[in-house]
Amino acid sequence: MREVRIGTCSWADRQLLSSGWYPSEAKDGERRLGFYSSRFNTVEVDSTFYAIPDITDVYRWASWTPPDFLFGIKAYGLFTFHSVQWSALPRWVRDEVGDRDSRVDFKRVPRTIRLELWRQFSDSIMPLHKIGKLGYVLFQIPPWAVFSERMIRYLDRVVEEAHPFRIAFEVRNGSWLSGDNKAVFLDRLRAHDVAYVVVDEPRLSWTVPPEVNVTASWGSVVRFHGRNEAAWERRGISVGERFRYLYSQKELRPWRERISEMSSSVDRTFVMFNNCWSDYSVRSAASMQAIMGLSHPVGLQAELDL
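Numbering (UniProt numbering), first residue to last: 1 to 306.
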């Protein structure tokens, strides 16, 4: 088994901050990230999905973590067909799209400034790449985005613009893996050396099955979203409720062999927990560390509490 890194898909979401997992003295970002990085050696940054990060903050993240710590960066929502809050747009873009009381999707952003937005995003995370602390950039496609030739062209465009970053591509609709679509999709990922994101999530008619597909030479990414089927089927439910799920050791143990197989053919495998409710993600990640034989001594208590 080659390098396996286990972490969570955020270190500063409100649910985790209010759970009591952080010690009382960890009152700011530096001490929280310092505490987190003493337990895990990787984290996925979720805040970059909602707004382009300030490059000063990115430098701080790097300085607050050990030299070998790696970050995954979730691509800005506008780049993956999601909408964002008007107030989260860079100031120079707000005047171009008008209505401050609505959410904004990519169609409302003038074509002339779309590439400039990507340039700003790319420049902001480039320091992590240059100092060797950027594991991957995650492009997570919304559930309504079904497989199509248009989406394949979108994937090609992502690869073209995102160089030199390592890209992980997560689809959220089962159509991408159905019939002949699967071969076309996975072959394109392999051609571009883009990692297919393996998922563990509720088994519904439209969701993606937990298939293991290795498509990039540099690494693999597995993301655990929980198995709260009832919440995923309900409309109008909060994001937090959807991911309200604590994995048991029984549920995680079968993944040991799958992760070992994936890691045998790539340089690095990221195992990330996105069940961000209370301290469920860090507890599940600590349990997986123990199952994989990678537990940090100070992180054992979370596993023992399951």
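Beta carbons: idealized from backbone N, C-alpha and C, even for Gly. From a predicted model like this one, the values you see are computed outputs, not experimental measurements.
Report the residue from the options whose alpha carbon sits nearest the alpha carbon of residue i.
| i | options | result |
| --- | --- | --- |
| R91 | P23, T65, D54 | D54 |
| R111 | S124, V97, D123 | V97 |
| Q85 | I52, L70, K74 | I52 |
| E229 | I291, S220, L246, R103 | L246 |
| D13 | S24, V158, G29 | G29 |
Run the CB neighbour count on residue i, radius 10 Å, all protein chains shown included, and call it buried at 16 or more, exposed below.
| i | result |
| --- | --- |
| residue 366 | Because the chain here runs from 1 to 306, residue 366 falls outside it and cannot be looked at. |
| R235 | exposed |
| residue 307 | For residue 307 there is no data in the structure shown, the boundaries of the chain being 1 and 306. |
| H225 | buried |
| P297 | Because P297 carries a pLDDT of 43, less than 50, the predicted location of this residue cannot be relied on, and the following value inherits that uncertainty. Its Cβ having fewer than 16 others within 10 Å, P297 is exposed. |
| Y59 | exposed |
| residue 307 | Any property of residue 307 remains undetermined from this structure, which presents the chain solely from 1 to 306. |
| T80 | buried |
| R2 | exposed |
| L204 | exposed |
Would you kindly report the start and end of the unbroken beta strand (DSSP E) that includes residue i?
| i | result |
| --- | --- |
| K74 | 70-74 |
| F169 | 167-170 |
| D200 | 195-200 |
Using DSSP bridges, identify the partner residues of residue i.
| i | result |
| --- | --- |
| A290 | DSSP, once it has assigned bridges, lists no residue as partnering A290. |
| L17 | Looking at the DSSP assignment, L17 forms no beta bridge with any residue, so it has no partner. |
| V43 | T8, F71 |
Less than 8 Å between the C-beta atoms of residue i and residue j, yes or no?
| i | j | result |
| --- | --- | --- |
| V184 | T215 | no |
| L138 | I237 | no |
| S124 | V104 | no |
| L134 | F165 | yes |
| T8 | F169 | no |
Tell me where the alpha helix (DSSP H) around residue i begins and ends.
| i | result |
| --- | --- |
| I55 | 55-63 |
| Y247 | Segment: none, Y247 is in no alpha helix (DSSP H) and carries neither H nor E. |
| I6 | Premise fails: I6 lies in the beta strand (DSSP E), 3-8, not in any alpha helix (DSSP H). |
| S122 | 111-130 |
| Y154 | 149-162 |
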